[in-house]
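**Student:** This is the structure I have questions about; it appears just below.
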Amino acid sequence: MDEMTSVAAVPESPPEPPPHGPVLWLKNNLFSGALNTALTLFLTPVLLLSIRGVLGWAVDPLRKWPAVTTNARLLSVQAYPEAHFIRVWIAVGIVATLSGLSAAAWGLGGRMTVRRIAKGMKVAGAILLGVALITPGLFTDFGSFRLWLIVLGAGLLGGGLAWTAALGMRAKDVRIPTMSVIGLLLLALIGFLWIVQLPVSNVLVDGERIITYEPLANSTKLPWTMIIVILAAAYLIGTMIRSAVPNLQRILSMLWFLSFPFTLMIVMRAPDIEWDKVVAIDLPIFLLVGVVGSVAFYWMGNPSTGEAGRIVAALWVVGIVLWMWQSWRVDVPAALDFTVVLLFKAAVFLGALFATAAPSFGGPRAARLRYLGMWWSALFLLVVAFRLGEARSILELGGASFVGGLALTFTLAIAGIGLSFPLGILLALGRSSTMPIIRTISTGYIELVRSVPLITWLFVGSNLLPLFLPAEVELDQVVRAIAAIALFSAAYLAENVRGGLQSIPKGQYEAADAVGMSTVQKISLITMPQALRAVIPALVGQVIALFKDTSLVAIIGLFDLLYIARSVIPGQSANLGSIMVTTVTAAVVYWVFTFSFSRASMRLEKRLGLGER
Amino acid sequence: MTTTIQRPKRPPVWRDITVLKWTAQIVFLFLVVGLFWVLGTEAVDNLRAQNIPLSTDFLSRPVGITLGEGFNTTPGSGIEAIAVGIVNMLRVTISGIIAATILGIIVGVSRLSSNWLVNKVATGYIEIIRNIPLLVQIVFWLVVVQTFEELTVEDRGEGLFYASPKGFAFAWFRPTETRWQWVAFVAIGLAVAWFVYRWRIKIQESGAHDAHAFAWSGGVLLAFAVVGLFAHPLMGVFGWIFGAIAWVFGNVPLFVFQLLLAGLALYIGWRVISTRLDELRTPAGLGKLSDDDWYRLIMAGVLGLAGAIFFLVSDGVVGNIMGRTPLFGARVGLEPLFSSFADRFSFSGGWPFDFSPALVAGDRFVNFDLAAGKVMTPAFFALWTGVTLYTAAFIGEAVRAGIMAVPRGQTEAGLAVGLKRGQLLRMIVLPQAFRIILPPIGNQYLNLAKNTSLGIAVAYSELVQVGQTIFNQTGQTIPVFIIWMLWFSFVSLSLSAVVNAWNRRLKLVER
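Written out as structure tokens, the structure reads:
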């Protein structure tokens, strides 16, 4: 009893804050022991000198930076026709709109503490000041540039310090929406676009170099401003409709999925649609196949239909495959527009795919009607894509069949990953299957593809593939590269997915069997979603690797970012000897994208809580 | 009351899962074979239309190409050109693996350094290198060399190191005739050092004191290296041994080797079957075999038998392996290999290296002629630097992850029993970390080997570049591609076999 009172008598006091301060930090992190002190003393001057060297190299007037700034358009989309450039901007605008809406729909951002923002300001200010102080030759050659840097750096540093000082201890409690910070940064970016002077034209007149300075990207400042405004507007609209539209996230995912072929179509083709063909060919085929399919799938999905549905589906598949096979090389009668046969076959083939899945995804009336909805939309997309692709394009891409530059890099990466995904999943299923022949073939494919480097597969695509195809089939070089990249990447993807499949507890399979699911249902509803979720980090890593690997197409002569930077720009008469600058620029562009991808994926992993359970 | 046990009714044929599965598989097999058949006929048609008959003639005939570098820059036949390409590829791969491992370990340990500056420098290195495509980096390094200043006549003279847009030249030991004897001596030293290491470890495990196993084995190795400078003529014995082996491969009747190889194939097939059956055997006897098990067993048997028949029938291939009959006009195989080994050994003495300073003679420098020292071409430099720095970043991450994965309790336990910091790392942390690090590092080695194919972008004469040159000359894309595939598969398989074997040795034995 006595003891208890004596314990209670001790007055409560908050725990002592651990000692901190800059001197202690230095002692702990830089000078803790002889070895660390020696390392610090050695590394500091080496580091400062190398940073000074790199910065001095960059601002040296001998560097031909105009080679980059004057060729910014070449680097991004190669030689795109001037008159149609609005198409590129529309494509960028679509991506901006979707990004803004998605940011709102997924509630990205949240709130940041003042302390973190102030820390960012302080670090940025200190870096700017440091750059201004140690860069050699900045003052003489870039006019008031150094002064601007110092003012900006000091402003940021001072602002950050003042803000934390004003709030004191509350700095880590006061929170500000992240999006407002990003909005301010975007405003600053717009200001930057309109103010900062950079060389935009670079010509040799009578042996004398004439460089014109204009605000950065003078011809694109208005479009970029518009894009930023669209981005902000889309975000605001998204926040407003997010509560009104319950399945906004699902709609946006679908739109993202469609945005790639759609933007590609906008940029690459200006289809001259013949409306009489639409009425005479597309509409009848759409309605006929659609209605026949609807009736069939409604009947097949009915649980009481049973075996007959599957038998009809199997006959359907066999029929269309045989039909496609026998007319592989048969000439279509001239009287009949060959597009009719092609479109009809494609539609029936799509129907066959839907028919095989119909018994698995049927059930009550509502489920079957939903399935019919999917069928009609898929068929609609097929017909539209067919007509848009078939129509003659009035857009001349200046000899090239695809846009080049950074746009080509992205096209290759997105198309490659998009195509390799389904194939990779199938290969993973094949390799982990209990059916020996299918397993052997899948394993053989995966191991063979993985043991040979990508560049040899690109050579297969560019030199060997034309040999294996009928002489009348002519594939574009870019398409062949995409095929090679997709087939290559699928093998790596399959191994990642297989890892995910192996991580699924056996109980999941048994539970699915216990409730009477078919194999298709078990894979698509139970195991595959879990497997994919488990390997998201590996998949993102694969996407990043694929993005980097697209640079290899420069070796087979496609005009991607690296090829233009390495071989095209240094060959221009005004830019001879600029190869170092352009190569470094390409490296920086790749780095910015890859680094942001990897950071975003780390955030995604944290958000999904992967690896934490 | 009687209960009748109803046998489960067999389902109708179209619902029988075994029947369905096998039908589906056979249909799939037919589709795959059919696809290849269609593609193959197309290829034959197209080649006939282009008037390029498929052949491997180019392997034995002069191809008239000049290579950038290698042991023979003007190869007399296709197979010679390919051999040069393979050797060049191996040069980059092996030197790259060694350099990337050292640099990667430094980077990985730096990432865990308590020194803030070291830590940030390592992190910055990894984040920069990992996020730029390797090809861009290789191109960058080539451009760097190209921006060096040309050497002028004033640079004539003697020096240790020169750099110019045409590459680097630096002083180097000039090995003499007897170097291989010394290398063999050191190799024996390595083996002895390994036994000494095991012996010291045993002492350490039985007693409580540190037996300094590393210091002992290192000392033994050093002793062998020094003694070997004088004692290497002893290794002339190796000349006899290799000569005898070469004689056996060259003169024992061929059918003996055919029988031996056939026996080996059968033995491997039987081993696979018996281990598989042992795995399936339960205390209650052999369980019911699934059709997948049957497939594996039958395939192992069939493949073993097919291998045996192949070796018995095709004396030509066995002759190629032994080096009796030339392969595409080139004398390759075991007999020439061991004869060439035998030629490198004799009982003659002398220093294995020429210790007189082999300075680069400036007036014989790359600008004018080949230098006396070692020359590194811009292409080799760009490729080697690129793959080394790139792989080192990934190895660094693997090393860091491996060390971090060792539970903290292990370190604490080590400290608790009074180990010093060095001992703690050497005896507790590193052995456990190594087990985790090895598989990812093996993967990185494989990537490095494959990435050497990017040498084509800087015109480094490795296999892919040589192959491309050949098919541009001859139009024989398909054979060249098959050669690529065989070589890279061989490299992958052998590298992963080495890593797997090592991994098995290190694996924890659980229960």
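From first to last, the protein sequence lines stand for chains A and B. For the first sequence, my numbering gives the first residue as 658, with consecutive numbering after it. For the second sequence, my numbering gives the first residue as 5, with consecutive numbering after it. Even glycine gets a Cβ: it sits at the ideal position worked out from N, Cα and C.
Compute the distance between the beta-carbons of TYR449(B) and PHE384(B), then report whether it is under 8 Å.
**Tutor:** On the second sequence, position 445 is the one that residue 449(B) refers to. On the second sequence, position 380 is the one that residue 384(B) refers to. Against a cut-off of 8 Å, the Cβ pair of PHE384(B) and TYR449(B) comes out as no contact.
**Student:** So what does LEU116(B) bridge to, in DSSP terms?
**Tutor:** The sequence position of residue 116(B) within the second sequence is 112, counting from 1. Among the bridge pairs identified by DSSP, LEU116(B) is matched with none.
**Student:** Have a look at ALA173(B) and VAL190(B) and give me their C-alpha separation to the nearest angstrom.
**Tutor:** Counting from one through the second sequence, the residue named residue 173(B) turns up at place 169. Counting from one through the second sequence, the residue named residue 190(B) turns up at place 186. About 28 Å.
**Student:** Using a Cβ-Cβ distance under 8 Å, would GLY143(B) count as near chain A?
**Tutor:** Counting from 1 along the second sequence, the entry for residue 143(B) is found at position 139. The sequence given here places Val at residue 143(B); Gly does not occur at that position. Closer than 8 Å: yes.
**Student:** In terms of residues, what are the limits of the alpha helix (DSSP H) holding MET380(B)?
**Tutor:** Residue numbering aside, residue 380(B) sits at position 376 when the second sequence is read from its first letter. Careful: MET380(B) lies outside any alpha helix (DSSP H), inside the beta strand (DSSP E) at 378–380.
**Student:** Quick check: the Cα distance between ALA365(B) and GLY82(B), rounded to an integer number of angstroms?
**Tutor:** As a position in the second sequence, residue 365(B) is number 361, starting the count at 1. As a position in the second sequence, residue 82(B) is number 78, starting the count at 1. Unreliable placement is indicated for ALA365(B), whose pLDDT of 48 sits below 50; the coordinate value is still reported in the next sentence. Distance from the CA atom of ALA365(B) to the CA atom of GLY82(B), rounded to whole angstroms, is 35 Å.
**Student:** Within 10 angstroms of its Cβ, does TRP722(A) collect 16 or more other Cβ (buried), or is it exposed?
**Tutor:** Taking the first sequence and counting its residues from 1, the one referred to as residue 722(A) is at position 65. TRP722(A) comes out buried.
**Student:** What residue range does the alpha helix (DSSP H) around ALA310(B) cover?
**Tutor:** Working through the second sequence from its first residue, we reach residue 310(B) at position 306. That run of the alpha helix (DSSP H) goes 295–317.
**Student:** Less than 8 Å between the C-beta atoms of GLY966(A) and MET957(A), yes or no?
**Tutor:** Counted from its first residue, the first sequence places residue 966(A) at position 309. Counted from its first residue, the first sequence places residue 957(A) at position 300. Yes. Within cutoff.
**Student:** Counting only Cβ pairs nearer than 8 Å, list the residues of chain A close to VAL125(B).
**Tutor:** Here residue 125(B) refers to the residue found at position 121 when the second sequence is read from its first residue. Neighbours of VAL125(B) on chain A, chain order: LEU700, LEU704.
**Student:** Quick one: what does DSSP say THR1280(A) is sitting in, helix, strand or coil?
**Tutor:** Outside the displayed span of chain A (658 to 1270) sits residue 1280(A), for which this structure offers no information.
**Student:** Using the Cα positions of ALA1138(A) and LEU1115(A), report the straight-line distance between them to the nearest angstrom.
**Tutor:** Locating residue 1138(A) in the first sequence gives position 481, where the first residue counts as 1. Locating residue 1115(A) in the first sequence gives position 458, where the first residue counts as 1. Approximately 6 Å, taken between the alpha carbons.
**Student:** Touch check for the segment 1014–1022 of chain A and the segment 1057–1067 of chain A: three-plus C-beta pairs under 8 Å?
**Tutor:** no
**Student:** Taking 8 Å as the CB-CB cut-off, is THR151(B) touching chain A?
**Tutor:** Working through the second sequence from its first residue, we reach residue 151(B) at position 147. It does; some Cβ of chain A falls within 8 Å.
**Student:** Is the Cβ of MET489(B) closer than 8 Å to any Cβ of chain A?
**Tutor:** As a first step, residue 489(B) is located in the second sequence; it is residue number 485 there, counting from the start. Interface residue, yes.
**Student:** In chain B, which residues lie less than 7 Å from TRP722(A) when you measure between Cβ atoms?
**Tutor:** Reading the first sequence from its first residue, position 65 is the one you call residue 722(A). Neighbours of TRP722(A) on chain B: none; closest Cβ ~16 Å, over 7 Å.
**Student:** In angstroms with no decimal places, state the Cα-to-Cα distance between ASP1217(A) and LEU1038(A).
**Tutor:** In the first sequence, counting from the first residue as 1, residue 1217(A) sits at position 560. In the first sequence, counting from the first residue as 1, residue 1038(A) sits at position 381. Rounded to the nearest angstrom, the two C-alpha atoms are 30 Å apart.
**Student:** Mind checking who ASP1217(A) pairs with in its DSSP beta bridge?
**Tutor:** Position 560 of the first sequence, counted from the first residue, corresponds to residue 1217(A). DSSP lists GLY1062(A) as partners of ASP1217(A).
**Student:** Can you pull the chain B neighbours of VAL1117(A), defined as C-beta to C-beta under 7 Å?
**Tutor:** Taking the first sequence and counting its residues from 1, one reaches residue 1117(A) at position 460. Here the neighbours are PHE485.
**Student:** Kindly indicate if chain A contains any beta-carbon less than 8 Å away from that of ASN55(B).
**Tutor:** To locate residue 55(B), count along the second sequence from 1; it is residue 51. For ASN55(B), the answer is no, since every Cβ of chain A falls outside 8 Å of its Cβ.
**Student:** So which of LEU1122(A), LEU843(A), ASN686(A) has the shortest CA-CA distance to VAL1136(A)?
**Tutor:** For this step, residue 1136(A) is matched to residue 479 along the first sequence. When each option's Cα is compared against that of VAL1136(A), the closest is LEU1122(A).
**Student:** Under DSSP, the alpha helix (DSSP H) around ALA266(B) begins and ends at which residues?
**Tutor:** The count along the second sequence starts at 1 and reaches residue 266(B) at position 262. Looking at the DSSP string, the run of the alpha helix (DSSP H) that includes ALA266(B) is 258–284.
**Student:** I want to know whether the segment 329–341 of chain B touches the segment 120–132 of chain B - three or more CB-CB distances under 8 Å.
**Tutor:** no
**Student:** Under the three-state reduction of DSSP, which class applies to ARG926(A): helix, strand or coil?
**Tutor:** Taking the first sequence and counting its residues from 1, one reaches residue 926(A) at position 269. Reduced to three states, the DSSP call for ARG926(A) is coil.
**Student:** Using beta carbons (cut-off 8 Å, strictly below), is LYS424(B) in contact with chain A?
**Tutor:** Looking up residue 424(B) in the second sequence gives position 420. The beta-carbon of LYS424(B) is placed no less than 8 Å from the nearest beta-carbon of chain A.
**Student:** Mind listing the chain B neighbours of PHE1252(A)? Cutoff is C-beta to C-beta under 8 Å, in chain order.
**Tutor:** Sequence index remark: in the first sequence, residue 1252(A) carries index 595 (1-based). Within chain B, the residues near PHE1252(A) are GLU131, ASN135.
**Student:** If contacts are defined as beta-carbon pairs under 8 Å, then VAL224(B) and VAL187(B) qualify, I think. What distance do you get, rounded to the angstrom?
**Tutor:** In the second sequence, the residue the question calls residue 224(B) occupies position 220. In the second sequence, the residue the question calls residue 187(B) occupies position 183. About 17 Å separates the two Cβ atoms, so there is no contact after all.
**Student:** If the cut-off is 8 Å on Cβ atoms, which residues from the segment 469–481 of chain B count as contacting chain D, listed in chain order?
**Tutor:** Protein chains A and B are contained in the structure displayed, whereas chain D is not.
**Student:** Can you tell me where the beta strand (DSSP E) with ARG832(A) in it begins and where it stops?
**Tutor:** What you label residue 832(A) is simply residue 175 of the first sequence in a count that begins at 1. Residues 832–834.
**Student:** Would SER1108(A) be called buried (16 or more neighbouring beta carbons within 10 Å of its own) or exposed?
**Tutor:** Counting from 1 along the first sequence, the entry for residue 1108(A) is found at position 451. Result: buried.
**Student:** Is DSSP giving TYR737(A) helix, strand or coil here?
**Tutor:** Along the first sequence, one-based indexing puts residue 737(A) at 80. TYR737(A) falls in the coil class under three-state DSSP.
**Student:** Checking contacts by CB at 8 Å: is TRP980(A) closer than that to chain B?
**Tutor:** For the purposes of this step, residue 980(A) is taken as the residue at position 323 of the first sequence. No, TRP980(A) lies away from the interface with chain B (no Cβ there is under 8 Å from its Cβ).
**Student:** Could you please give the first and the last residue of the uninterrupted beta strand (DSSP E) stretch that includes ALA167(B)?
**Tutor:** Looking up residue 167(B) in the second sequence gives position 163. First-last of the beta strand (DSSP E) with ALA167(B): 165–168.
**Student:** So which residues of chain B does TRP973(A) contact, with C-beta pairs closer than 9 Å?
**Tutor:** For the purposes of this step, residue 973(A) is taken as residue 316 along the first sequence, with counting starting at 1. Ordered by position in chain B, no residue passes the 9 Å Cβ test against TRP973(A), which lies about 16 Å from the chain.
**Student:** VAL147(B) touches chain A at which residues, Cβ-Cβ below 7 Å?
**Tutor:** Taking the first residue of the second sequence as position 1, residue 147(B) is located at position 143. Near VAL147(B) (Cβ distances below 7 Å), the residues of chain A are ILE1236, MET1237, THR1240.
**Student:** Only counting the same chain, and skipping five residues up and downstream in sequence, which positions put a Cβ closer than 7 Å to that of GLN208(B)?
**Tutor:** In the second sequence, residue 208(B) corresponds to position 204, counting from 1. Closer than 7 Å at the Cβ level, and outside the excluded window around GLN208(B), lie ASP214, ALA215, ALA217.
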